[in-house]
Each structure stands twice: as C-alpha cells, then as structure tokens.
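Below is one structure, written out as structure tokens; comments come after it.
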Amino acid sequence: MNLFVPIHHHEQLASYSLLKVSAVILSTAFCSSKTQHPLTMDELSSISSKAEDLNLPWYLSVNRMILQNEWSTFEQEIKHINTYHPTGFIVSDLGVMHYLKKRYPDKKIVLQTDTTITNVQDVEILLSLGADLIALARELTFDEVIDIVRSHGDRVMISGFGYQSMSTSSRPLMSNYFEHINKDIDVLYKRFTLQEEGRLERYPAMQDNHGFHIFTASVLEIFNEVKALQDIGLNHLFIDSLFIDDETIQIVIKVFNEDLAVDLALAEISKKYSFSKALYYTPTSAVKGVNL
1 MNLFVPIHHH
11 EQLASYSLLK
21 VSAVILSTAF
31 CSSKTQHPLT
41 MDELSSISSK
51 AEDLNLPWYL
61 SVNRMILQNE
71 WSTFEQEIKH
81 INTYHPTGFI
91 VSDLGVMHYL
101 KKRYPDKKIV
111 LQTDTTITNV
121 QDVEILLSLG
131 ADLIALAREL
141 TFDEVIDIVR
151 SHGDRVMISG
161 FGYQSMSTSS
171 RPLMSNYFEH
181 INKDIDVLYK
191 RFTLQEEGRL
201 ERYPAMQDNH
211 GFHIFTASVL
221 EIFNEVKALQ
231 DIGLNHLFID
241 SLFIDDETIQ
251 IVIKVFNEDL
261 AVDLALAEIS
271 KKYSFSKALY
281 YTPTSAVKGV
291 NL
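Following my numbering, the numbering of the sequence shown begins with 1 at its first residue and continues without gaps.
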C-alpha cells in the first residue's frame, strides 16, 4: 500500500521514512488550505532537501481553488517551489491541474476535490484530462468505493484515517466573530472546538488564509475496510494528520503497513480519539426527515 502523509517538521520526515511511507505532503500558506503548519520557503527548502537525501518522494498540497486575481502569484510560487524538485502536486482545481500538467509535464498530479469524484465515469474522464491519481469523494459508501476500486484500483486513492472536512467558507468567520464581540484574538491556524446547541458532539475547526473550516467530531477509521479494498486492487491511501498527534499517526502507518494488529492499534488510539466510519455504511441520502 502506498501511503501519503502530510508533514511539517524534520522529525516527522525521518520517522515516517523509517516506517516506509511512500510519499510526504508539504504545504505553504499561499498554496495550501486546511493545515495548521504551512511551511515558509526556507522551511520548505530544508525539508525537501532532507526528503531528497532520504530518497522520499514529496508532493506540494495545492488543495484549494486559485482565483483569477491570484494566478500570477500562483505561477511565481510554483516556479520557485519547482526548484526544490517536488515529485508532484496534490490539487483541487481543474484549471490548476491543466496548467501544471502542461507547464511541468514530468510531475505527478493527484486530483483531490473532496466531494465531486463519485463514480467510475468521473475517474475515467479526469484521468483522460491528465490526472495521474484520483482521490475519491469522502461521501461514498463502502459498496460504492468497492465498485470504483474494482475498475481503477491502481489509479485511485482514498482517505484512510483522520478528521474529515464537513464545511468550508471562504469568509473568515472566526475572526469576524471575535471582532463582533470586541475580542482581540489571534485565530490564524489555531484549533477551535465548536458545539452546536442541542448536540453533544464537539467539532474541531480552524481558520487559515483561505477561509474557515469545520471538521467531523470523530476521526475516520477504516482499517479493516482498507484491507478488503487492498485485496481487490486499492494501492494508494491518504492519512490526514490534521489535529492528530505524531505518535498516533505512526501507529496508523504501522497498521496500514501490516506491522501492527488492528485491535491493538484501536485500543491505543481510542484513548485519545473517538472513531467513525463516516458514510461507509450510511448513504448521504439517509438524512433525518423534517416536519414542515
């Protein structure tokens, strides 16, 4: 199984390399969203150099839409970052994918839109447009994922562990809130916890340069499901480390590499986090009725 894991410091790079992670994902404040630790160019240069020394592939996360008035800045940043020799890019924007494939044809492109890749036909057309690897939508059921993996298992990737994005707004809602109540609070890249009136769940949230994001109350855990998918051809897995401590991510890597038993891992991780199967066994159409 090829494991893709985000990192933000040298210690992670060394430990994940020893654990035989297939590729690491690096972020910058301009290109990347939904990360607590975007790298400066100096940090990116240093970590990418260390990755090269370790013979460890690395991808730049461009997991947001690039606006027209940002395009020249985007081109310059990518041109600079390309001097650090990334293996490829993980992108959310079709225009970005087209540009990178045309301008940097030797780089691998992973298309990860979060919500819009939901069937075999989506995968086929996006591969034909230049994507090398397709990340499936997080809203799919297990049966739906099985059908797609059977058709394109070696060209698709799924999220295997981590908090899942529930909602994103391009507006800086957290800073707007504190401004409204006359509080001077530094909110950028900080973790907040939200609790909706009438609900017990507490949802992690954060604001970055590109908006405000709310995540699931529990972490996605599909250890056994991934094993079944691997048996029918799944080769690529994304481990989302946002809000997750390094020790836990190392345990997760060991499970997916079959170096640690699932029951032992669950017993250890459950001391810190609650688990969810996301929508694997609950279709998105199965929503509560509303009396009007």
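We treat Cβ as the ideally placed atom computed from N, Cα and C, and that holds for glycine.
Would you check if the distance between the CB atom of residue i and the CB atom of residue j is smaller than 9 angstroms?
i	j	result
Thr35	Tyr59	no
Tyr84	Gln250	no
Ser22	Val62	no
Thr113	Glu139	no
Val123	Ile146	no
Ser159	Asp245	no
Leu136	Met157	yes
Thr216	Met166	yes
If you follow the beta strand (DSSP E) that residue i is part of, which residue opens it and which one closes it?
i	result
His180	From DSSP, His180 is part of no beta strand (DSSP E) but of the alpha helix (DSSP H) over 173 to 180.
Asn119	Segment: none, Asn119 is in no beta strand (DSSP E) and carries neither H nor E.
Tyr163	156 to 169
Leu133	133 to 135
Tyr59	58 to 62
Ile249	Ile249 -> not in any beta strand (DSSP E); alpha helix (DSSP H) instead, spanning 246 to 256.
Lys79	Run containing Lys79: none in the beta strand (DSSP E); it sits in the alpha helix (DSSP H), 71 to 82.
From what residue to what residue does the alpha helix (DSSP H) around residue i run?
i	result
Glu225	223 to 231
Asn209	It is not in any alpha helix (DSSP H) - Asn209 carries neither H nor E in the DSSP assignment.
Ala265	262 to 269
Tyr16	10 to 18
Ile185	That residue, Ile185, is in no alpha helix (DSSP H); it is neither H nor E in DSSP.
Glu144	142 to 152
Just mark residue i as buried or exposed, buried being the case when its beta carbon has 16 or more other beta carbons within 10 Å.
i	result
Ala205	buried
Ala278	buried
Ala267	exposed
Thr282	exposed
Val290	Residue confidence for Val290 is low, a pLDDT of 42 falling below 50, so the modelled location carries little weight and cannot support an answer.
Arg191	exposed
Leu18	exposed
Glu221	buried
His9	exposed
Gly198	exposed
Arg155	buried
Under the DSSP definition of a beta bridge, which residues are partnered with residue i?
i	result
His236	Asn2, Met157
Thr28	Leu39
Thr193	Pro204
Leu294	Only positions 1 to 292 of the chain appear in the structure, and residue 294 is not among them; the question remains open.
Leu220	Gly162, Ser276
Ala51	Answer by DSSP bridge pairing: none, since Ala51 is not bridged.
Could you tell me whether the stretch 191 to 210 touches the stretch 167 to 175, where touching means 3 or more Cβ pairs closer than 8 angstroms? Contact between the stretch 191 to 210 and the stretch 167 to 175 is present: 3 or more CB-CB pairs across the two stretches fall below 8 angstroms.
Please determine if the stretch 260 to 279 and the stretch 223 to 239 are in contact, where contact requires at least 3 C-beta pairs separated by less than 8 angstroms. Contact holds: three or more Cβ-Cβ distances are below 8 angstroms.
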